[in-house]
Structure formats: C-alpha cells, structure tokens
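Chemist: Okay, handing you the structure first.
Residue numbers (this note's numbering): 1 to 127.
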C-alpha cells in the first residue's frame, strides 16, 4: 500500500466533502437543520421547506457517489490490487473524511450556524 498516496487522497476527499457540504449549507441552511439534534430539528421544522430538503439531497447523494468514484479511480491508478488492500485503502481514506466531518461540521460549524437556522436561534440544544 502506498501510504503517502492514501493520506493525500484521504485529505483531498476530506477537503472535497467539507467544501461541498459547507457550500450546500450556505445555499440552503434550513434544510440542514434536519441533520441537527432533535430539539433544533423541531424548533426549525416550521421553516423547513420540502424543496430545500430536496436540494440538499441533490447535493449530498451525488457527493457520496463522487467520493466513491474518486476512491476507486485513485486506487486503480495507485496499483492497489486485491480485496484487502482495496478495503483498507478505502477504510483509511474514509476515516479521514469522517474525522474531518466530525471536527469541522459537528464541532466547529454548529455554533456558527445558529444565526442561519430560523426558529432555532434560542434553542438550548446549541449549548
């Protein structure tokens, strides 16, 4: 396994994922309230439109397909052959995506997102 390639691919996949999700949040912030904790979700529910949720799904689902395609093509060009090397390459790269998702979108973004979510500005779940 080519460790520098795996690390760089994991970082680039993390960058792509967080950039697209962050941009999607800026475009339709109310739709992303469906991914927050229950209290925020309930407080923002009257302001969430089905059209916005549909737009969010059109952003998120193709993003996952692009990440899987990127992983597969990159692994092919890196010469990764066999099930277990391919499995561990994907696992490590998606671990990078998960860690960056946790740090950026779950820890750093919610306090900054508070003013963007109508109806949930004063919700106790932000604390």
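Backbone N, C-alpha and C define an ideal beta-carbon position, used for all residues, glycine too. Computed from a prediction, not measured in an experiment: that's the story for all the values here.
Can you say whether residue 44 is buried or exposed, counting buried as having 16 or more other CB atoms within 10 angstroms of its CB?
Modeler: Residue numbering aside, residue 44 sits at position 44 when the chain shown is read from its first letter. Counting Cβ neighbours within 10 Å, residue 44 comes out buried, since at least 16 surround it.
Chemist: Following the continuous alpha helix (DSSP H) through residue 54, name the residue where it begins and the one where it ends.
Modeler: As a working mapping, residue 54 is identified with position 54 in the chain shown. First-last of the alpha helix (DSSP H) with residue 54: 50–77.
Chemist: Reducing DSSP to helix, strand and coil, say where residue 41 ends up.
Modeler: Residue numbering aside, residue 41 sits at position 41 when the chain shown is read from its first letter. Looking at residue 41 - three-state DSSP - the assignment turns out to be helix.
Chemist: Contact defined as beta carbons within less than 8 Å: I believe residue 67 pairs with residue 16. What is the distance between those atoms, to the nearest angstrom?
Modeler: Against the chain shown, residue 67 aligns to sequence position 67. Against the chain shown, residue 16 aligns to sequence position 16. With 8 Å as the limit, residue 67 and residue 16 qualify as a contact, their Cβ atoms being about 7 Å apart.
Chemist: Do residue 20 and residue 59 have their CB atoms nearer than 8 Å?
Modeler: Stepping through the chain shown from its first residue, residue 20 is reached at position 20. Stepping through the chain shown from its first residue, residue 59 is reached at position 59. Closer than 8 Å, so yes.
Chemist: Spatial neighbours of residue 46 within its chain, please: CB distance less than 7 Å, with the 5 preceding and 5 following residues excluded, ordered by chain position.
Modeler: Locating residue 46 in the chain shown gives position 46, counting from the first residue. The answer, listed in chain order, is 119.
Chemist: Using 8 Å as the threshold, is the C-beta distance between residue 84 and residue 110 below it?
Modeler: Here residue 84 corresponds to residue number 84 of the chain shown, with the count starting at 1. Here residue 110 corresponds to residue number 110 of the chain shown, with the count starting at 1. The answer is no: Cβ separation not under 8 Å.
Chemist: Can the beta-carbon of residue 9 be found closer than 8 Å to that of residue 31?
Modeler: Position 9 of the chain shown, counted from the first residue, corresponds to residue 9. Position 31 of the chain shown, counted from the first residue, corresponds to residue 31. Cβ atoms of residue 9 and residue 31: not closer than 8 Å.
Chemist: Buried or exposed for residue 71, please, with buried defined as at least 16 other CB atoms from any protein chain shown within 10 angstroms of its CB.
Modeler: Against the chain shown, residue 71 aligns to sequence position 71. Buried, since its Cβ has 16 or more Cβ neighbours within 10 Å.
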